[in-house]
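What follows is a single structure, written as structure tokens, with notes after it.
Chains as they are written, first to last, in the working numbering: chain A, 1 to 110; chain B, 1001 to 1114.
Next comes the structure, spelled out in structure tokens:
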């Protein structure tokens, strides 16, 4: 059974801090890993990672995948209160579906 | 505007009364999927569809049915809803789920079964 584990489950930091969110996975026939941001509505797409060691970057957010150690990290630098959200990690693998982790609830305090 | 729409957005119903949540996308996506989101359990896939007339079970299909008669629509049917199906439901679509393509999510349907 495919499995995605995110850590920490919850994180509170101050504005301006840098945070690292973790996602580890066990999946047969791994195809891709995706990161989503969910505020009080539907998840919105952040990154899709398929190759090890290649960093994807969008503004203050970046992510990298390690297919050997089966994990990914999502970094957010110079955090802002608007970064407060639940960050979801998901993988596609053996079946054609998508398996999500439980998410990391990030709170940025002013 | 490219989007995934769901209806209704909120629904309160009683045990055993059949209901359908509609999902429609205007992006000509082949892949569509239904998820439920529950506190502490995250997003779990219910059913997905790779294309018209092709549907497959996800992780939690019990108590649900789907159909894919047209490419743009993927309704979720609860024949006899029960209180444990109280949840937040999301529909999503993408070009081809097999490649892990970006999934676009609908706004969600909050269902309460009394």
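Where a beta carbon is used, it is the ideal one built from N, C-alpha and C, also for glycine.
Annotation: Cβ neighbours of residue 1103 (chain B) in chain A (cutoff 9 Å, chain order): 34, 36, 43, 45, 90, 98.
Within the stretch 1028-1046 of chain B, contact with chain A at the beta-carbon level (separation under 9 Å) is assigned to 1031, 1033, 1035, 1037, 1040, 1041, 1042, 1043, 1044, 1045. Residue environment for residue 1109 (chain B): buried (at least 16 other C-beta atoms within 10 angstroms of its C-beta).
At least 8 Å separates the beta-carbon of residue 27 (chain A) from that of residue 100 (chain A).
Look at residue 83 (chain A) here: in three-state DSSP terms it is helix. Burial is judged here by how many other beta carbons sit within 10 angstroms of a residue's own beta carbon; residue 14 (chain A) has fewer than 16 and is exposed.
Residue contact check for residue 1061 (chain B) against chain A: no CB pair falls below 8 Å. A check of alpha carbon separations from residue 1040 (chain B) across B:1077, B:1102, B:1112, B:1088 identifies B:1088 as the nearest.
The CB of residue 1107 (chain B) comes closer than 8 Å to the CB of 41, 42 in chain A, given here in chain order.
For residue 107 (chain A), the enclosing beta strand (DSSP E) stretches over residues 104-109. DSSP places residue 1056 (chain B) inside the beta strand (DSSP E), whose first and last residues are 1054-1057. According to the DSSP assignment, residue 1007 (chain B) belongs to the beta strand (DSSP E) that extends over 1004-1007.
Separation of the CB atoms of residue 1093 (chain B) and residue 1029 (chain B) is rounded to 4 Å, and the pair is thereby assigned contact status at 8 Å. The stretch 1007-1053 of chain B contains, as complete beta strand (DSSP E) runs of 3+ residues, the segments 1010-1013, 1019-1025, 1031-1038, 1042-1051 (chain order). Classified as exposed, residue 80 (chain A) has fewer than 16 neighbouring CB atoms from the shown chains inside 10 Å of its CB. Beta bridge pairing from DSSP links residue 1089 (chain B) with B:1036, B:1109.
Residue 47 (chain A) has its alpha-carbon roughly 12 Å from the corresponding atom of residue 54 (chain A). According to the DSSP assignment, residue 66 (chain A) belongs to the beta strand (DSSP E) that extends over 61-66. Within chain B, the residues 1042 have their CB atoms less than 7 Å from the CB of residue 103 (chain A), given in chain order. Residue 3 (chain A): member of the beta strand (DSSP E) spanning 3-7, first to last residue. For residue 26 (chain A), DSSP records a beta bridge to A:3.
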